[in-house]
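*Asks:* If you want the working numbering, it's the 1-based position in the sequence shown plus 14. We treat Cβ as the ideally placed atom computed from N, Cα and C, and that holds for glycine.
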Amino acid sequence: MPVAALGPRHLLRRLREIMAEQTSAQTRLDKLVTIIATNMVAEVCSIYLRRAGKALELFATEGLNRDAVHNTRMKEGEGLVGLVAETAEPVNLSDAPSDPRFSYRPETGEDPYKSFLGVPIVRGGQVFGVLTVQNRAAVQYAEEEVEALQTVAMVLAEVVAQGGLFKISELDEPELRIDRPRRFQGEGLSDGVAIGHVVLHEPRVKVERMIADNPQEELTRLEEAIGSLRDSVDEMLDSSELDLTGEGREVIETYRLFAHDQGWRQRMRDAIRTGLTAEAAVERIQDEMRVRVQRLDDPVLRERLHDLDDLARRLLRHLTGEAQVQDLPLNAIVIARGMGPAELLDYRRDRLVGLVLEEAATTSHVAIVARSMGLPLIGSVEGITDAARLADGIVVDGETGELHLRPQPEIVAAFEAKRSLGEQIRARFAAIKDLPAVTKDGVPIQLMMNAGLALDMPHLDQSGADGIGLFRTELQFMIGETMPRLLDQVTFYREILDSAGEKPVVFRTLDLGGDKVLPYARWEREENPALGWRAIRIALDRPALLRYQVRAMLMAAAGRTLRILLPMVSDVDEFNRARALVDRETERARLLGLERPRQILVGAMLEVPSLAFMLPQLMRSADFVSIGSNDLLSFAFAVDRTNPRVAKRYDPLNPASLYLIRLIVRSAAEAHGELSLCGEMAGKPLDAMALLGLGLRTLSMHPANIGPIKLMIRSMDLREVSPFVEKLCGRTDHSLRTRLAAFAAERGIALK
Ligand code: PEP
Ligand code: MG
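#1: Whose CA, out of Leu-358, Ile-408, Gln-300 and Ile-286, lies closest to the CA of Glu-161?
#2: Thinking C-alpha only, which one of Pro-630, Arg-551, Asp-525 and Arg-610 is nearest Gly-642?
#3: Is DSSP giving Ala-479 helix, strand or coil here?
#4: Would you say Leu-580 and Ala-592 are within 8 Å of each other, going by their C-beta atoms?
#5: Given a cut-off of 8 Å on the beta-carbon distance, is the pair Met-463 and Ile-482 in contact?
#6: Does the stretch 408–415 come close enough to the stretch 384–395 to have 3 or more Cβ pairs within less than 8 Å?
#7: Smallest Cα separation from Gln-230: which of Ala-292, Gly-206 and Ala-171?
#8: List the whole-angstrom C-beta distance separating Val-348 from Leu-366, where the pair is believed to meet the contact cut-off of C-beta under 8 Å.
#9: If you run the structure through DSSP and keep just helix, strand and coil, what is Ile-49?
#10: Per DSSP, what kind of secondary structure is Gly-368 in: helix, strand or coil?
#11: For a test of your reading of the model: does the CB of Asp-654 fall under 7 Å from any non-hydrogen atom of ligand 2? Yes or no.
#12: Looking only at its chain, what residues have a beta carbon closer than 6 Å to the beta carbon of Pro-623, apart from the 5 residues adjacent to it on each side?
#13: Does the distance from the CB of Met-168 to the CB of Arg-283 come in under 8 Å?
#14: In terms of residues, what are the limits of the beta strand (DSSP E) holding Arg-137?
#15: Please list, in chain order, all residues of the same chain as Leu-243 whose beta carbon is under 8 Å from its beta carbon, the five residues on each side excluded.
#16: For ligand 4, I want to know if Asn-719 counts as a neighbour, meaning its beta carbon is within less than 7 Å of at least one of the ligand's heavy atoms.
#17: Put Met-33 into one of helix, strand or coil per three-state DSSP.
#18: For a minimum of 3 consecutive residues, which ranges assigned as the beta strand (DSSP E) are wholly contained in the stretch 641–700?
#19: Could you tell me if the beta carbon of Glu-621 falls within a distance shorter than 7 Å of some heavy atom in ligand 2?
#20: Only counting the same chain, and skipping five residues up and downstream in sequence, which positions put a Cβ closer than 8 Å to that of Arg-561?
#21: Looking at ligand 2, does it come within less than 7 Å of Gly-642, judged from the CB to the closest heavy atom?
#22: Gly-260 by DSSP, collapsed to three states: which one?
#23: Skipping 5 residues on each side, what residues in its chain have a beta carbon closer than 7 Å to that of Glu-509?
#24: Taking C-alpha atoms, which residue in Val-141, Pro-111, Leu-29 and Arg-137 lies nearest to Ala-152?
#25: Report, in whole angstroms, the separation of the C-beta atoms of Leu-765 and Ala-758, which I expect to be a contact under 8 Å.
#26: Smallest Cα separation from Ala-402: which of His-686, His-211 and Glu-159?
#27: Under 8 Å: do the stretch 704–722 and the stretch 436–453 share three or more Cβ pairs, one atom per stretch?
#28: Identify which residue in Asp-275, Ala-99 and Asp-341 has its Cα closest to the Cα of Leu-322.
#29: Tell me whether Arg-551, by its Cβ, gets closer than 7 Å to a heavy atom of ligand 1.
#30: Of the choices Val-98, Thr-288 and Val-144, whose alpha-carbon is the least far from that of His-24?
#31: How many Å lie between Val-133 and Lys-68 at the Cα?
#32: Among Glu-302, Ser-108 and Pro-630, which one has its Cα closest to the Cα of Thr-101?
#33: How long is the line joining the alpha carbons of Glu-187 and Val-380, rounded to whole angstroms?
#34: Apart from the five residues just before and just after Ile-49, which ones in its own chain have a Cβ nearer than 6 Å to its Cβ?
#35: How would you call Met-471, buried or exposed, if buried means at least 16 neighbouring beta carbons within 10 angstroms?
#36: Run the proximity test for Pro-543: is its beta-carbon closer than 7 Å to any non-hydrogen atom belonging to ligand 2?
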């Protein structure tokens with residue numbers, strides 16, 4: 015059995031010396047395989063690196079035929095080398111040629127070698143290549159040898175990634191360069207171009223030292239760090255301040271289990287024994303885990319992986335003494351897998367210019383907050399957190415969803431041009447800010463804005479909106495650590511009304527449930543939360559919540575008009591019961607002799623299709639109705655709007671949507687009711703053109719969209735648009751977008 019000659023630590027030291035040499039890439043690789051072979055007493059040592067198209071090419075060898083270098087290539091998954099790359103696991107065989115996966119390559123002259131050990135060269139969950147050793151004798155390699163080779167491969171990967179050992183560009187292999195420019199396509203969730211530098215929301219802790227001088231010392235450091243990690247997790251769990259319930263508590267409980275896991279500890283100890291520092295050992299074990307879990311394609315395990323990643327990072331911070339809170343550089347673009355709205359608000363606004371998330375859809379709350387902040391945001395950018403490194407240059411286009419990591423100067427220049435064009439366009443909108451939103455044929459349109467936080471309020475004047483058509487009150491509840499008290503709510507609503515001045519504000523009562531949960535409230539897990547216990551359903555089952563909110567609104571709106579909008583109403587009785595609660599609160603205020611609003615208007619959100627058929631009856635008790643097209647269409651098309659796989663499957667400009675909205679518009683008109691629309695459609699020029707064609711006259715949207723929508727309105731003639739849209743309702747297309755766009759282009763309707 016081959017036995018490592020001088021031990022892994024000696025090998026790593028030699029590796030370090032080679033890294034420091036100023037020779038060509040090929041020479042360094044050649045030296046490397048020779049040293050590994052000698053050290054591991056292997057007759058063969060080879061390095062295969064991944065080329066474009068995922069083929070693995072023999073880049074260096076000791077023992078095999080030198081002519082095969084750069085000539086032997088294994089296709090993806092081919093042979094034992096392919097198997098190692100595919101599974102990202104070591105392959106250890108005593109009789110490789112008899113294995114069914116063995117692929118015989120005569121040019122390499124590997125006939126005499128029976129035993130085979132291959133380990134993946136992995137970094138950041140990506141397999142860069144494969145490192146192998148072979149011997150004539152038909153024996154299995156010992157566990158320590160597998161460990162040792164994995165450690166060497168890890169150091170090799172780090173060096174390949176950093177370009178420290180050899181310049182991959184010399185080998186003409188751009189695919190392998192981790193620092194190469196990359197383009198990603200995500201989903202634009204909040205408009206605007208941002209140019210800046212990467213800040214990782216949960217940054218990898220930087221491991222400076224990989225090779226240990228004294229393994230015993232490293233073992234002690236690891237033990238101490240695990241000890242303090244366990245203490246901190248226990249403390250977190252026991253903390254009375256942290257009133258965690260449900261999932262939050264489960265997560266911390268899982269941390270505790272993981273933190274106390276003996277297998278994890280043992281694997282890290284073993285890795286240290288191969289010559290790594292404690293930090294490098296934590297990283298190596300986590301990297302291996304990540305690769306394994308990613309390959310399983312199991313969503314539950316992937317979720318667990320976030321926990322484990324987080325835990326490994328905490329452990330690394332204990333080891334490195336690195337602080338938890340980051341300083342933001344200027345022009346920071348934060349990258350994360352996912353983020354909550356409160357976390358986003360934690361960042362310093364004067365330094366943050368953009369946000370990129372792997373997991374976020376247009377209606378996620380973080381997206382809503384990003385839009386409120388006017389912060390460009392791209393969601394659904396798969397793989398960005400692994401690819402991006404701290405301080406990398408980055409360009410983000412929140413309109414198209416395009417992202418450039420480590421961009422070339424020309425790309426930056428192009429986006430700078432686009433950004434300044436955007437500013438010019440904004441200046442154009444600013445110029446029409448005070449002009450009325452009237453169509454060419456003289457029909458006035460009311461343009462309102464959506465809001466939810468105090469920081470939205472300055473946009474009311476800046477955009478020239480006629481008022482606030484939808485104020486999502488739940489956002490204020492969601493960003494806090496505790497439930498706002500009555501007086502806090504009064505102060506908040508009063509501030510909003512004060513800053514709106516004469517312009518109307520429509521307060522929507524708490525729209526909780528579904529994907530909107532309060533971080534501090536106990537929440538039962540539901541099979542289908544979108545169809546579950548949410549919004550007005552909660553309000554009617556727990557009337558105190560709604561009554562307190564209404565009480566606060568009544569106090570805040572004393573002497574003025576109060577507009578209350580009830581979310582997710584499914585039938586008229588539900589609306590009437592909620593309205594009765596409002597009336598009871600008003601009566602209470604009267605009995606207490608409190609100053610009351612001058613006028614109280616109560617409206618319903620039309621988000622559930624069933625209500626579309628009840629408008630004549632609803633309008634008898636509702637003062638107004640606002641179509642929430644986001645939810646309405648998601649229910650109409652049976653699509654989970656938070657699931658990126660299906661969220662975009664149906665176009666809101668589908669004939670069925672137009673038909674449904676036309677039905678609502680007609681029904682509301684017959685009942686002489688006030689109708690508006692406040693979903694995302696209202697803010698998209700082409701969609702809004704269709705909505706106006708269908709008869710809507712009030713739209714509420716994100717303030718940034720007011721300018722473009724007004725420009726569109728001022729260039730359209732409803733006498734032409736209405737009959738055209740009317741005709742489209744009868745078509746069978748999947749999307750009417752192209753037809754509407756062609757029509758707009760022909761008539762010179764401004765869509766930008
Ligand atoms: C809607 O559903 O269209 C809506 C405006 O409400 P939200 O997006 O807050 O669910
Ligand atoms: Mg809704």
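*Replies:* The structure says:
#1: Along the sequence shown, read from residue 1 onward, the residue named residue 161 stands at position 147. Answer by Cα proximity: Ile-286.
#2: Counting from 1 along the sequence shown, the entry for residue 642 is found at position 628. Checking every option, the nearest Cα to that of Gly-642 belongs to Asp-525.
#3: Numbered from 1 along the sequence shown, position 465 holds the residue referred to as residue 479. Here Ala-479 sits in coil by DSSP.
#4: Working through the sequence shown from its first residue, we reach residue 580 at position 566. Working through the sequence shown from its first residue, we reach residue 592 at position 578. Their beta carbons are under 8 Å apart, which means Leu-580 touches Ala-592 by this criterion.
#5: Taking the sequence shown and counting its residues from 1, the one referred to as residue 463 is at position 449. Taking the sequence shown and counting its residues from 1, the one referred to as residue 482 is at position 468. Yes; because the gap between Cβ atoms is below 8 Å, this pair is in contact.
#6: yes
#7: On the sequence shown, residue 230 is found 216 positions in, with the first residue counted as 1. Comparing Cα positions, the closest option is Ala-292.
#8: One-based indexing of the sequence shown puts residue 348 at position 334. One-based indexing of the sequence shown puts residue 366 at position 352. With 8 Å as the limit, Val-348 and Leu-366 qualify as a contact, their Cβ atoms being about 6 Å apart.
#9: On the sequence shown, residue 49 is found 35 positions in, with the first residue counted as 1. DSSP places Ile-49 in helix when its eight states are reduced to three.
#10: By 1-based counting over the sequence shown, the position of residue 368 is 354. Gly-368: strand per DSSP, three-state reduction.
#11: In the sequence shown, counting from the first residue as 1, residue 654 sits at position 640. For ligand 2, not one heavy atom lies less than 7 Å from the Cβ of Asp-654.
#12: Translated into positions along the sequence shown, residue 623 becomes position 609. Taken in chain order, the residues that qualify are Phe-649 and Ala-650.
#13: Position 154 of the sequence shown holds residue 168. Position 269 of the sequence shown holds residue 283. No; because the gap between Cβ atoms is not below 8 Å, this pair is not in contact.
#14: Here residue 137 is taken as the residue at index 123 of the sequence shown, counted from 1. Segment 129–137, the beta strand (DSSP E) holding Arg-137.
#15: Against the sequence shown, residue 243 aligns to sequence position 229. The residues are Ala-273, Leu-325, Arg-328, Leu-329 and His-332.
#16: As presented, the structure is devoid of ligand 4, carrying ligand 1 and ligand 2 as its sole ligands.
#17: The residue you call residue 33 lines up with position 19 of the sequence shown. DSSP places Met-33 in helix when its eight states are reduced to three.
#18: 689–691
#19: The residue given as residue 621 occupies position 607 in the sequence shown. Yes, ligand 2 has a heavy atom inside 7 Å of this Cβ.
#20: Start at 1 with the first residue of the sequence shown, and residue 561 comes out as number 547. The residues are Leu-595, Arg-598 and Glu-599.
#21: Translated into the one-based positions of the sequence shown, residue 642 becomes position 628. Correct: Gly-642 has its Cβ closer than 7 Å to ligand 2.
#22: Looking up residue 260 in the sequence shown gives position 246. Per-residue confidence for Gly-260 stands at a pLDDT of 42, beneath the threshold of 50, marking its modelled position as unreliable; no derived number is given.
#23: Taking the first residue of the sequence shown as position 1, residue 509 is located at position 495. Around Glu-509: Ala-468.
#24: Along the sequence shown, read from residue 1 onward, the residue named residue 152 stands at position 138. The option with the nearest alpha carbon to Ala-152 is Pro-111.
#25: Reading the sequence shown from its first residue, position 751 is the one you call residue 765. Reading the sequence shown from its first residue, position 744 is the one you call residue 758. Between Ala-758 and Leu-765 the Cβ distance is about 6 Å, and since that is below 8 Å, they are a contact.
#26: Residue mapping note: residue 402 aligns to position 388 of the sequence shown, counting from 1. Taking only the C-alpha atoms, the option nearest Ala-402 is His-211.
#27: yes
#28: Numbered from 1 along the sequence shown, position 308 holds the residue referred to as residue 322. For the residues Asp-275, Ala-99 and Asp-341, the minimum Cα distance to Leu-322 belongs to Asp-275.
#29: For the purposes of this step, residue 551 is taken as residue 537 along the sequence shown, with counting starting at 1. For ligand 1, not one heavy atom lies less than 7 Å from the Cβ of Arg-551.
#30: If you number the sequence shown from 1, residue 24 lands on position 10. Comparing Cα-Cα distances from His-24 to each of Val-98, Thr-288 and Val-144, the minimum goes to Thr-288.
#31: On the sequence shown, residue 133 is found 119 positions in, with the first residue counted as 1. On the sequence shown, residue 68 is found 54 positions in, with the first residue counted as 1. C-alpha separation (whole angstroms): 17 Å.
#32: Taking the first residue of the sequence shown as 1, we reach residue 101 at position 87. Thr-101 has its Cα closest to that of Glu-302, out of Glu-302, Ser-108 and Pro-630.
#33: Residue 187 sits at position 173 when you count from the first residue of the sequence shown. Residue 380 sits at position 366 when you count from the first residue of the sequence shown. Below a pLDDT of 50, predicted positions are generally treated as unreliable, and Glu-187, at 46, falls in that range; no measurement from the model is reported.
#34: The sequence position of residue 49 within the sequence shown is 35, counting from 1. Contacts found: Arg-28.
#35: Reading the sequence shown from its first residue, position 457 is the one you call residue 471. Label assigned to Met-471: buried.
#36: As a first step, residue 543 is located in the sequence shown; it is residue number 529 there, counting from the start. No, ligand 2 has no heavy atom inside 7 Å of this Cβ.
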